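K.L.:
Quick note: the sequence shown, position 417, residue 836 per this note's numbering, numbers continuous. No residue lacks a Cβ here, since even glycine has one placed at the ideal position from N, Cα and C. All values derive from a computational prediction rather than experimental measurement.
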Amino acid sequence: MSCFLWIEDFDNSVENSVETTASYVLDSIISQPFESDARELKRQLKGQGVFLELTFQDGLSFIRDKDKLNQIDYIILDIDLKPYNDPSEISTDFLKLLFEFEKYTEEDHKTNNDESFKNACNNLEKIAGFYLYTDLVVELGFPKTHILFCSNHGENTKTIQAAFKQAKISLPQIYQKSEPKVQSWVKSCYDNPYSRLRRGIIEGCKYLRNLTEEKLRFNRFIQEPDKQITLEDLHNYLDVLENFLPLREPADKVTFYKLFVRTLAHEWESANPWKSLKSVSQELKQELFAFTWIMKMTRNWLAHSRIFENINEQDVAYLFIVNMRAMFLLDDSLIDYEKHLLQLFQSISANEIEKKIGSQESTRKIPLEKHYATLLKRARKREAINFHEALNDLQKDLQKSDNSQDRNYLIQGLYQTFWFLTSSGQVKVSLENNSTKLNYIFRYFGYSKNKKDSYLFELARHIYKRSFDG
């Protein structure tokens, strides 16, 4: 999902209730019934990724708070807004705006000129949304394409329209709240893959930054003491990742994705996936070995090839999740930012993945034999080396390839590596007339009857299609 700021006072919705107005605007992304009280609605929406502010002053305070605005991907603005809620809590920013634009003077304020204050607020109220818009676009650099004007009073803005025209600034389109365009805009923004990826990365970095040093296990893979990272190094690393993708979707986003993954994987240059892990279960060793190998290959491929020319949002999300699971000791269940990122995938249901995986004792539930045989053939291998080693060898042969299918095949191999390295079994290869025969006994470690809610099981059901269907 993407996060929204909605600045709406509901006071002028004479013909519509609070819940009706909310339904007009947000029904395409929130299916549950809306609260009928504005303040209760504000609390309800916050849990759905929508921050609601009910006055002009509260909206102004929100957008001028850098930390708060950084939580937002898109903004929905009303034009006609109640200026403030409590006259005893008028902010300095609010007063400064009245002084500068609404002919309310500091002398008026010192002498408590209520009439002048009331007139200034009445004038501001009619065009309050435009003040916020210009502050966002001109002063704060917020993308105007990420702002929707949604008002039933757009016809009362002739003065502001003339001012925009005189300043040679394009007036934004204003929609009635009941127009279908409003819901379709909100829905398309909510589902936007780039925004969803960016938001998941931001929330992930915020979460990980709060972890204690005891949760950092990355140094286990670094044999040279002088190359191990400190907590400060880690925070700098997370800061760079959190701020890497711009709010405005780049025209050439693939370039940004490649640079992001290069930064993400750079730390694995000195890592040794083969380094033994003491005091962990065999299952966890396999899991960590899988993740470290995926990141090690990613780092090397980025440094020496053009394999990632077709990278997309799913691939970046997958590598971000894998990377952080390798670097940190995290809970066994999915973390909120992982849930967010996994929404980018076309998942299969828990029942479906259970049928495909079966129990720990089930065999040959996933066509790994076919994929392994294809890889050996493409890599021209005539011996049953490990899947990830054969994949890495093939990458060396294809690293200068301009063939899109070759690149896609190798990227898909990073997903399949997850399955092979979190599995237990053997691959037996015999050659007859240049054909390869395989006998692969498959057992998936990530699933058991009491681990259906584990992150490994959830990751598996979300990446299954990307792993085997392309």
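Compare the Cα-Cα distances from Pro665 to each of Ile726, Tyr656 and Tyr676 and report the closest residue.
P.N.:
The residue given as residue 665 occupies position 246 in the sequence shown. The option with the nearest alpha carbon to Pro665 is Tyr676.
K.L.:
Suppose the cutoff is 7 Å on Cβ atoms and the five residues either side in sequence are ignored; what does the same chain contact list for Phe708 look like?
P.N.:
On the sequence shown, residue 708 is found 289 positions in, with the first residue counted as 1. These residues qualify, in order along the chain: Pro692 and Leu840.
K.L.:
Comparing C-alpha positions only, which one of Gln831, Lys871 and Arg615 sits nearest to Ser421?
P.N.:
Taking the first residue of the sequence shown as position 1, residue 421 is located at position 2. Measuring from the Cα of Ser421, the nearest candidate turns out to be Arg615.
K.L.:
Can you give me the C-alpha to C-alpha distance between Phe518 and Leu551, rounded to a whole angstrom?
P.N.:
One-based indexing of the sequence shown puts residue 518 at position 99. One-based indexing of the sequence shown puts residue 551 at position 132. Straight-line Cα distance between these residues: approximately 16 Å.
K.L.:
Could you spell out the range, first to last residue, of the alpha helix (DSSP H) harbouring Val680?
P.N.:
Here residue 680 refers to the residue found at position 261 of the sequence shown. Where Val680 is concerned, the enclosing alpha helix (DSSP H) stretches over Lys672 to Ala684.
K.L.:
The beta strand (DSSP E) spanning Ile740 covers which residue range?
P.N.:
The residue labelled residue 740 in the question sits at position 321 within the sequence shown. Counting along the chain, Ile740 falls outside any beta strand (DSSP E), though it belongs to the alpha helix (DSSP H) covering Glu732 to Met746.
K.L.:
Between the alpha carbons of Phe710 and Gln451, how many angstroms are there, rounded?
P.N.:
Walking along the sequence shown from the start, residue 710 turns up at place 291. Walking along the sequence shown from the start, residue 451 turns up at place 32. Between Phe710 and Gln451, the C-alpha separation is close to 38 Å.
K.L.:
Roughly how many angstroms separate the alpha carbons of Glu688 and Leu424, rounded to a whole number?
P.N.:
Locating residue 688 in the sequence shown gives position 269, where the first residue counts as 1. Locating residue 424 in the sequence shown gives position 5, where the first residue counts as 1. Cα to Cα, the separation comes out at about 40 Å.
K.L.:
Mind reading off the beta-carbon distance from Leu500 to Thr474? Whole number of angstroms is fine, and I expect it under 8 Å.
P.N.:
Taking the first residue of the sequence shown as 1, we reach residue 500 at position 81. Taking the first residue of the sequence shown as 1, we reach residue 474 at position 55. Indeed they touch by this definition, with Cβ atoms about 7 Å apart.
K.L.:
What is the residue span of the alpha helix (DSSP H) that Leu424 lies within?
P.N.:
Counting from one through the sequence shown, the residue named residue 424 turns up at place 5. Run containing Leu424: none in the alpha helix (DSSP H); it sits in the beta strand (DSSP E), Phe423 to Ile426.
K.L.:
Anyone know if the C-beta pair for Tyr828 and Ile882 falls short of 7 Å?
P.N.:
The residue labelled residue 828 in the question sits at position 409 within the sequence shown. The residue labelled residue 882 in the question sits at position 463 within the sequence shown. For Tyr828 and Ile882, no; Cβs fall outside 7 Å.
K.L.:
For Ser597, name the three-state secondary structure that DSSP assigns.
P.N.:
Here residue 597 is taken as the residue at index 178 of the sequence shown, counted from 1. Note: Ser597 maps to coil in three-state DSSP.
K.L.:
Which class does Ser603 belong to by DSSP, given the choice of helix, strand or coil?
P.N.:
Mapped onto the sequence shown, residue 603 falls at position 184. Of the three classes helix, strand and coil, the one that applies to Ser603 here is helix, per DSSP.
K.L.:
Which partner residues of Ile509 appear in the DSSP bridge assignment?
P.N.:
In the sequence shown, the residue the question calls residue 509 occupies position 90. DSSP output for Ile509 lists no bridge partner at all.
K.L.:
Buried or exposed, going by whether 16 or more other CB atoms sit within 10 Å of the CB of Asp497?
P.N.:
Residue mapping note: residue 497 aligns to position 78 of the sequence shown, counting from 1. With 16 or more other Cβ atoms within 10 Å, it is buried.
K.L.:
Would you mind sorting Glu780 into buried or exposed? The rule is 16 or more other CB atoms within 10 Å of its CB.
P.N.:
What you label residue 780 is simply residue 361 of the sequence shown in a count that begins at 1. Residue placement at Glu780 cannot be trusted, given a pLDDT of 45 that sits under 50; what the coordinates show is reported in the next sentence. Glu780 comes out exposed.
K.L.:
If the criterion is Cβ atoms closer than 7 Å, does the pair Met714 and Asn731 meet it?
P.N.:
Reading the sequence shown from its first residue, position 295 is the one you call residue 714. Reading the sequence shown from its first residue, position 312 is the one you call residue 731. No, the pair does not count as a contact, with Cβ atoms beyond the cut-off.
K.L.:
So, with DSSP's three-state summary, where would you put Glu472?
P.N.:
Translated into positions along the sequence shown, residue 472 becomes position 53. Glu472: strand per DSSP, three-state reduction.
K.L.:
On the CB-based measure, 16 or more other CB atoms within 10 Å of its CB, does Leu559 come out buried or exposed?
P.N.:
Looking up residue 559 in the sequence shown gives position 140. Exposed, since its Cβ has fewer than 16 Cβ neighbours within 10 Å.
K.L.:
Cutting at 8 Å between CB atoms, please list the residues of its own chain near Met716, excluding the five before and the five after it.
P.N.:
In the sequence shown, the residue the question calls residue 716 occupies position 297. Counting only Cβ-Cβ distances below 8 Å, and skipping sequence neighbours, we find His807, Leu810, Asn811, Gln814, Leu833 and Thr836.
K.L.:
Look at Tyr493 and Cys608 and say whether their C-beta atoms are less than 7 Å apart.
P.N.:
Translated into positions along the sequence shown, residue 493 becomes position 74. Translated into positions along the sequence shown, residue 608 becomes position 189. In contact: Tyr493 and Cys608 (Cβ atoms closer than 7 Å).
K.L.:
What do you reckon, are the CB atoms on Arg880 and Ile754 nearer than 7 Å?
P.N.:
As a working note, residue 880 is residue 461 in the sequence shown. As a working note, residue 754 is residue 335 in the sequence shown. Cβ atoms of Arg880 and Ile754: not closer than 7 Å.
K.L.:
Can you list, in chain order, the residues of its chain with a C-beta nearer than 8 Å to that of Leu479? Leave out the 5 residues immediately preceding and following it.
P.N.:
Position 60 of the sequence shown holds residue 479. Excluding sequence neighbours, Leu479 sits near Ser510, Asp512, Phe513, Leu516, Tyr550, Leu551 and Asp554.
K.L.:
Does DSSP put Phe568 in a helix, a strand or coil?
P.N.:
The residue you call residue 568 lines up with position 149 of the sequence shown. Here Phe568 sits in strand by DSSP.
K.L.:
Does the stretch 449 to 467 come into contact with the stretch 612 to 629, if we say contact requires no fewer than three beta-carbon pairs (one atom in each stretch) closer than 8 Å?
P.N.:
Verdict: no, contact absent.
K.L.:
Taking all protein chains shown into account, decide if Gln595 is buried (16 or more other Cβ within 10 angstroms of its Cβ) or exposed.
P.N.:
As a working mapping, residue 595 is identified with position 176 in the sequence shown. Its Cβ having fewer than 16 others within 10 Å, Gln595 is exposed.
K.L.:
Could you have a look at Tyr523 and say whether DSSP puts it in helix, strand or coil?
P.N.:
Residue numbering aside, residue 523 sits at position 104 when the sequence shown is read from its first letter. Of the three classes helix, strand and coil, the one that applies to Tyr523 here is coil, per DSSP.
K.L.:
Given the structure, does Lys606 come close to the ligand HEM, in the sense that its CB is under 6 Å from one of the ligand's heavy atoms?
P.N.:
Absence of the ligand HEM from the depicted structure is noted, as is the absence of any ligand whatsoever, leaving it without description.
K.L.:
In three-state DSSP terms, what is Ser442?
P.N.:
For the purposes of this step, residue 442 is identified with residue 23 of the sequence shown, where counting begins at 1. Ser442 falls in the helix class under three-state DSSP.
K.L.:
Per DSSP, which one or two residues make a beta bridge with Leu496?
P.N.:
Mapped onto the sequence shown, residue 496 falls at position 77. The partner list for Leu496 (beta bridge, DSSP) reads Ile426 and Phe568.
K.L.:
According to DSSP, is Ser898 helix, strand or coil?
P.N.:
Lying outside 420 to 889, the shown extent of the chain, residue 898 is not represented and no answer is given.
K.L.:
Nearest to Val605 by CA position, among Trp838, Ala547, Asp428 and Leu567, is which residue?
P.N.:
As a working note, residue 605 is residue 186 in the sequence shown. When only C-alpha atoms are compared, the closest one is Leu567.
K.L.:
Just the C-alpha distance for Glu534 and Glu454, rounded to the nearest angstrom, thanks.
P.N.:
Working through the sequence shown from its first residue, we reach residue 534 at position 115. Working through the sequence shown from its first residue, we reach residue 454 at position 35. If you take the alpha carbons of Glu534 and Glu454, they lie about 36 Å apart.
K.L.:
I need the boundaries of the alpha helix (DSSP H) containing Ile620, first residue and last residue.
P.N.:
Reading the sequence shown from its first residue, position 201 is the one you call residue 620. Here the alpha helix (DSSP H) through Ile620 covers Pro612 to Arg628.
K.L.:
Taking Cβ positions, are Gln818 and His685 nearer each other than 7 Å?
P.N.:
Along the sequence shown, one-based indexing puts residue 818 at 399. Along the sequence shown, one-based indexing puts residue 685 at 266. Result no, Cβ atoms of Gln818 and His685 do not sit closer than 7 Å.
K.L.:
Please look up how many angstroms separate the CB atoms of Ile641 and Ala690, rounded, as I've assumed it's under 8 Å.
P.N.:
Along the sequence shown, one-based indexing puts residue 641 at 222. Along the sequence shown, one-based indexing puts residue 690 at 271. So it is a contact: roughly 6 Å between Cβ atoms.
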